[in-house]
Amino acid sequence: MNKSVQSNIKIVGARKHNLNNIDVEIPKNKITVFTGVSGSGKSSLVFGTIAAESQRQLNDTFPPFIRHRLPHYGQPEVDEIDNLSVAIIVDQKRIGGNARSTVGTASDIYTLLRLLFSRVGKPFVGFSNIFSFNHPSGMCPACDGLGSVSAIDIDRLIDQNLSLNEGAIRYSSFAPGSWRWKRYACSGLFDVNKKIADYSRVEKELFMYADNLTPSSPLPGWPKSAKFEGVITRFTRSYLKQETKEAKSEEFKRVVTMQVCPDCHGMRLNANILTSRIEGKNIGEYTMMPIKELKLLVEKLDYPSVRPLLDALKERLDAMCAVGLGYLDLNRTTTSLSGGESQRLKMVRHLGSSLTGMTYIIDEPSTGLHPADIDRLNTLIVKLRNKGNTILMVEHDPDMIAIAEHVIDLGPGAGNKGGNIVFQGGLFSLKQSDTLTGKYIASRAKINQHPKRAKEHVSIKNAVLHNLRNLSVDVPLNVMVVVTGVAGSGKSSLVMGELAPQYPDAIIIDQKPIHTSIRSHIASWCGVFDTIRMRFAQANHVAASWFSANSKGACPECNGLGVIQTDLAFMDTVTLPCDACQEQRYNPQALTYLYQGKTIAEVLSMSVRDAGDFFCDDPQMSLVFSRLIEVGLGYLRLGESLNHLSGGECQRLKLAANLNRDSDMYIFDEPTTGLHPSDVASLVKLFKRLVDRGNSVIIIEHNMELIAQADWIIDIGPYAGQDGGTLQFSGTPGSMLDCLSSLTAEWLRKHCQSGSDEKNNGRDSQSSLATM
Numbered sequence: 001m002n003k004s005v006q007s008n009i010k011i012v013g014a015r016k017h018n019l020n021n022i023d024v025e026i027p028k029n030k031i032t033v034f035t036g037v038s039g040s041g042k043s044s045l046v047f048g049t050i051a052a053e054s055q056r057q058l059n060d061t062f063p064p065f066i067r068h069r070l071p072h073y074g075q076p077e078v079d080e081i082d083n084l085s086v087a088i089i090v091d092q093k094r095i096g097g098n099a100r101s102t103v104g105t106a107s108d109i110y111t112l113l114r115l116l117f118s119r120v121g122k123p124f125v126g127f128s129n130i131f132s133f134n135h136p137s138g139m140c141p142a143c144d145g146l147g148s149v150s151a152i153d154i155d156r157l158i159d160q161n162l163s164l165n166e167g168a169i170r171y172s173s174f175a176p177g178s179w180r181w182k183r184y185a186c187s188g189l190f191d192v193n194k195k196i197a198d199y200s201r202v203e204k205e206l207f208m209y210a211d212n213l214t215p216s217s218p219l220p221g222w223p224k225s226a227k228f229e230g231v232i233t234r235f236t237r238s239y240l241k242q243e244t245k246e247a248k249s250e251e252f253k254r255v256v257t258m259q260v261c262p263d264c265h266g267m268r269l270n271a272n273i274l275t276s277r278i279e280g281k282n283i284g285e286y287t288m289m290p291i292k293e294l295k296l297l298v299e300k301l302d303y304p305s306v307r308p309l310l311d312a313l314k315e316r317l318d319a320m321c322a323v324g325l326g327y328l329d330l331n332r333t334t335t336s337l338s339g340g341e342s343q344r345l346k347m348v349r350h351l352g353s354s355l356t357g358m359t360y361i362i363d364e365p366s367t368g369l370h371p372a373d374i375d376r377l378n379t380l381i382v383k384l385r386n387k388g389n390t391i392l393m394v395e396h397d398p399d400m401i402a403i404a405e406h407v408i409d410l411g412p413g414a415g416n417k418g419g420n421i422v423f424q425g426g427l428f429s430l431k432q433s434d435t436l437t438g439k440y441i442a443s444r445a446k447i448n449q450h451p452k453r454a455k456e457h458v459s460i461k462n463a464v465l466h467n468l469r470n471l472s473v474d475v476p477l478n479v480m481v482v483v484t485g486v487a488g489s490g491k492s493s494l495v496m497g498e499l500a501p502q503y504p505d506a507i508i509i510d511q512k513p514i515h516t517s518i519r520s521h522i523a524s525w526c527g528v529f530d531t532i533r534m535r536f537a538q539a540n541h542v543a544a545s546w547f548s549a550n551s552k553g554a555c556p557e558c559n560g561l562g563v564i565q566t567d568l569a570f571m572d573t574v575t576l577p578c579d580a581c582q583e584q585r586y587n588p589q590a591l592t593y594l595y596q597g598k599t600i601a602e603v604l605s606m607s608v609r610d611a612g613d614f615f616c617d618d619p620q621m622s623l624v625f626s627r628l629i630e631v632g633l634g635y636l637r638l639g640e641s642l643n644h645l646s647g648g649e650c651q652r653l654k655l656a657a658n659l660n661r662d663s664d665m666y667i668f669d670e671p672t673t674g675l676h677p678s679d680v681a682s683l684v685k686l687f688k689r690l691v692d693r694g695n696s697v698i699i700i701e702h703n704m705e706l707i708a709q710a711d712w713i714i715d716i717g718p719y720a721g722q723d724g725g726t727l728q729f730s731g732t733p734g735s736m737l738d739c740l741s742s743l744t745a746e747w748l749r750k751h752c753q754s755g756s757d758e759k760n761n762g763r764d765s766q767s768s769l770a771t772m
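Numbering follows the UniProt record's numbering, with no gaps: position 24 of the sequence shown is 24.
Next comes the structure, spelled out in structure tokens:
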């Protein structure tokens with residue numbers, strides 16, 4: 001085999017999902033970006049084919065004992081894949097873990113700090129492992145190294161204006177008549193009709209905190225030989241000191257709050273460990289300062305004996321700042337990170353790896369990032385490539401596509417209108433092409449030259465939530481307002497924390513996932529599936545249950561799931577396509593019934609757009625389909641499982657469901673996530689229609705095309721965390737072009753069409769709503 005062939009990943013006959021039997025070669029040791037509209041087949045090619053086959057073949061090299069404990073990957077639908085290297089997937093799934101997993105431990109920076117303190121910390125208290133909050137000799141004994149403790153809110157648990165008979169203990173398992181309630185009512189220690197507030201000091205102490213007490217005169221119903229415990233004592237023993245499902249209930253969260261540990265003040269370590277200091281600070285203080293400040297501190301350290309260690313620490317801290325995570329602290333739990341923050345943290349971890357010859361597959365790394373952050377992230381991705389690795393990125397953002405050495409554009413459309421390679425080559429050639437991606441990459445953002453004028457506004461005065469620094473701003477109403485700033489600058493604190501509470505009826509379309517399951521699909525979630533089943537039932541004079549994969553119509557082999565799931569006990573569950581129904585979910589008899597010449601499985605295989613044509617005689621269904629199309633989801637299949645959808649698709653699905661709600665304010669959290677530029681243009685039109693109907697549209701966003709089309713921009717910054725939280729700009733997009741103090745303004749100038757025409761149109765005075 002010649003060298004040129006060996007230097008490419010070769011794929012022949014890829015057919016995963018909507019891929020149309022495509023052949024493609026991908027250069028190794030280069031940055032290749034996969035583009036195309038949502039649903040065009042990018043993920044099917046990159047993740048469903050390349051990544052799946054690489055990991056399947058890698059897993060097959062391990063002994064059976066190890067292999068059975070690794071994720072299972074089926075054979076991808078492809079004729080041939082050659083020259084694969086080991087794939088490392090850097091996706092946007094939250095890192096997760098538990099309260100003991102922190103930014104410091106996940107990035108390995110804390111490991112370096114522990115080593116540093118064990119070498120040069122004074123006084124010497126032990127070796128590196130002693131500085132771990134997970135080590136018995138290092139952890140704080142009061143919080144077991146968690147940094148926080150559970151605290152019962154007594155006023156929420158006990159209503160002192162009620163008696164025991166009236167339900168003074170406000171917790172369901174202590175309700176009047178329950179067996180736990182009888183431990184108080186039948187103890188003979190209290191008047192069950194007396195308000196708790198009227199108890200004497202001794203009675204209250206007994207009622208709340210007694211422990212292991214034998215009642216002298218218990219009433220009938222008191223268990224023999226039982227001991228009496230006060231409410232707080234019993235609640236602590238039953239719920240706080242045991243891992244129970246109860247701890248996750250909303251009722252539990254109402255009465256129990258997490259508070260900073262009073263002993264270690266959140267540092268997680270015991271007093272002895274915290275006596276060891278470097279330049280006057282202990283390791284707990286190092287982990288609790290923003291990474292950006294920690295970086296400046298470490299740069300000043302001068303200890304020749306540990307210079308290689310300090311260099312490694314500086315490099316890792318530099319990388320964290322470079323990907324826009326400088327506002328985090330090392331003590332932050334990984335469970336609290338967003339998907340974008342988790343992805344960037346994983347990337348920093350890989351940058352510290354000495355492995356080469358790997359294929360890094362990165363899923364939309366621009367998500368949640370300001371263009372300034374993207375610029376720094378690009379530098380790190382190039383470094384990862386320069387170490388001798390292959391980079392495959394699925395991306396829409398022009399600033400990230402700009403570093404591509406090779407582009408593979410899929411399309412031309414979505415769903416059954418996609419799945420083809422419509423372009424492959426260099427970035428310059430892409431801009432010259434007539435593909436949808438090429439046209440948008442070659443174009444520039446257009447400034448809104450005729451912004452709508454607001455007649456009213458809502459004032460936010462001296463906001464101090466999280467990192468907001470006495471921020472005051474007037475937010476225009478009945479126009480499209482975009483709130484901008486780098487990640488962590490305070491945008492969400494302003495919009496979700498200060499503005500949204502003033503409008504309890506506002507429709508908030510955020511990034512939180514919708515409830516999904518393997519049995520839920522688009523048709524059932526948006527409410528048209530019952531109508532579809534009824535039509536099939538009436539046309540065939542049979543029960544509607546024949547057309548439910550959860551009832552009579554279910555395939556008997558897979559119980560209507562479309563896949564066979566085998567629980568292997570201590571091994572991962574194996575999921576394989578059902579051979580009996582070919583993933584259609586229905587049994588043979590159900591598939592004999594037709595409606596207008598199609599089976600129920602064929603109808604569920606239709607795209608939303610095609611279904612709109614098929615059921616055009618039903619006004620209610622047509623309205624539902626038109627809303628899905630309006631938010632850019634016309635390519636999805638009616639039977640698409642909700643657990644297959646991306647975060648951006650889930651967000652737009654929620655938007656479609658709320659388009660007819662009675663509200664005059666819509667709040668969006670980065671709605672362009674996962675969208676192709678052409679879809680962004682459609683979304684902007686939708687937002688403008690909402691405004692035309694009299695709504696206020698407030699959007700947290702980084703996308704420059706959308707920002708340029710706003711009626712009003714509020715920019716928060718200048719940077720993240722403690723360096724953010726101040727108002728940088730408030731005005732129209734046109735006036736923002738002249739703003740020199742805003743980082744967003746700098747990038748808007750780079751993205752918009754240059755020339756005095758743009759700057760002289762749509763301009764308004766900064767920060768003044770009085771003129772509107």
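Glycine residues also receive a C-beta, built at the ideal position from the N, C-alpha and C atoms.
Remember, it's a predicted structure, so these values are computed and weren't measured experimentally.
| query | result |
| --- | --- |
| Since residue 773 contacts Ile-26 with CB under 8 Å, what's their CB separation in whole angstroms? | What is shown of the chain runs 1 to 772, which leaves residue 773 out entirely. |
| Hey, out of Ile-667, Leu-58, Glu-279 and Gly-126, whose CA is closest to Leu-477's CA? | Ile-667 |
| Any idea if Arg-652 is buried or exposed, counting beta-carbon neighbours within 10 angstroms, 16 or more meaning buried? | buried |
| Under 9 Å, do residue 788 and Asp-363 count as touching if we go by C-beta distance? | Since the first residue of the chain shown is 1 and the last is 772, residue 788 is not available in this structure. |
| Please check the pair residue 773 and Gly-725, which I expect to be a contact at CB under 8 Å, by giving their CB distance rounded to whole angstroms. | Nothing in the structure corresponds to residue 773, since the chain is present only between 1 and 772. |
| Do Tyr-719 and Leu-743 have their CB atoms nearer than 9 Å? | yes |
| From Ile-421 to Ile-408, what does the alpha carbon distance come to, in whole angstroms? | 7 Å |
| Is it a yes or a no for the segment 422-431 touching the segment 701-716, going by three-plus beta-carbon pairs under 8 Å? | no |
| Are the Cβ atoms of Glu-640 and Gly-674 separated by less than 9 Å? | no |
| With three or more C-beta pairs closer than 8 Å as the rule, is the segment 76-88 touching the segment 325-343? | no |
| From Asn-18 to Asn-386, what does the alpha carbon distance come to, in whole angstroms? | 34 Å |
| Closer than 7 Å by C-beta to Leu-623: which residues in its own chain qualify, once you throw out the five before and the five after it? Chain order, please. | none |
| So for Ser-7, helix, strand or coil by DSSP? | coil |
| Assuming Val-482 contacts Ile-713 under a Cβ cut-off of 8 Å, what Cβ separation, rounded to an integer in Å, is found between them? | 5 Å |
| In this structure, how does DSSP classify Ala-554 when only helix, strand and coil are distinguished? | strand |
| Within the chosen definition, does the segment 210-217 reach the segment 185-192 through at least 3 CB pairs nearer than 8 Å? | yes |
| I need the straight-line Cα distance from Glu-722 to Gly-326, nearest angstrom please. | Position check: residue 722 holds Gln in this sequence, whereas Glu was assumed. Cα-Cα distance, rounded: 10 Å. |
| Following the continuous alpha helix (DSSP H) through Asp-715, name the residue where it begins and the one where it ends. | Per DSSP, Asp-715 belongs to no alpha helix (DSSP H); it is in the beta strand (DSSP E), 712-717. |
| Return helix, strand or coil for Gln-424, following the three-state DSSP convention. | strand |
| Does the distance from the CB of His-751 to the CB of Pro-371 come in under 9 Å? | yes |
| Can you tell me whether Lys-455 is buried or exposed? The criterion is at least 16 other CB atoms within 10 Å of its CB, across all chains shown. | exposed |
| Can you tell me which of the three DSSP states Lys-281 falls into? | strand |
| In chain order, which alpha helix (DSSP H) runs of at least 4 residues are fully inside the segment 29-93? | 42-45, 52-59 and 64-67 |
| Please give the ranges of any beta strand (DSSP E) in the segment 461-495, keeping only runs that are unbroken, at least 3 residues long and fully inside the region. | 471-476 and 480-484 |
| Would Val-616 and Cys-581 qualify as a contact pair, given that the criterion is a beta-carbon distance under 9 Å? | Before going further, note that residue 616 is Cys rather than Val in the sequence given. Not closer than 9 Å, so no. |
| Which residue's Cα is closest to the Cα of Tyr-209: Leu-638, Pro-223, Ile-154 and Thr-257? | Ile-154 |
| Tell whether a beta-carbon distance below 9 Å holds between Lys-30 and Thr-390. | yes |
| With a 10 Å radius around its C-beta and 16 neighbouring C-beta atoms as the bar for buried, classify Phe-34 as buried or exposed. | buried |
| Closest to Ser-54 by CA distance: which of Tyr-440, Ile-361, Tyr-595 and Glu-746 is it? | Ile-361 |
| Can you give the Cα-Cα distance for Pro-588 and Leu-430, rounded to whole angstroms? | 48 Å |
| Return the residue from the list Val-348, Asp-373, Thr-367 and Leu-384 that minimises the CA-CA distance to Gly-357. | Leu-384 |
| Does His-457 come out as helix, strand or coil in the three-state DSSP assignment? | strand |
| Am I right that Met-400 and Ile-374 are in contact with their C-beta atoms under 8 Å? What's the rounded C-beta distance? | 6 Å |
| Based on the DSSP secondary-structure assignment, which residues constitute the bridge partners of Ser-641? | His-521 |
| Would Ile-278 pass as a contact of Lys-122 if the rule is Cβ separation under 9 Å? | yes |
| Over what stretch of residues does the beta strand (DSSP E) that includes Gln-259 continue unbroken? | 256-260 |
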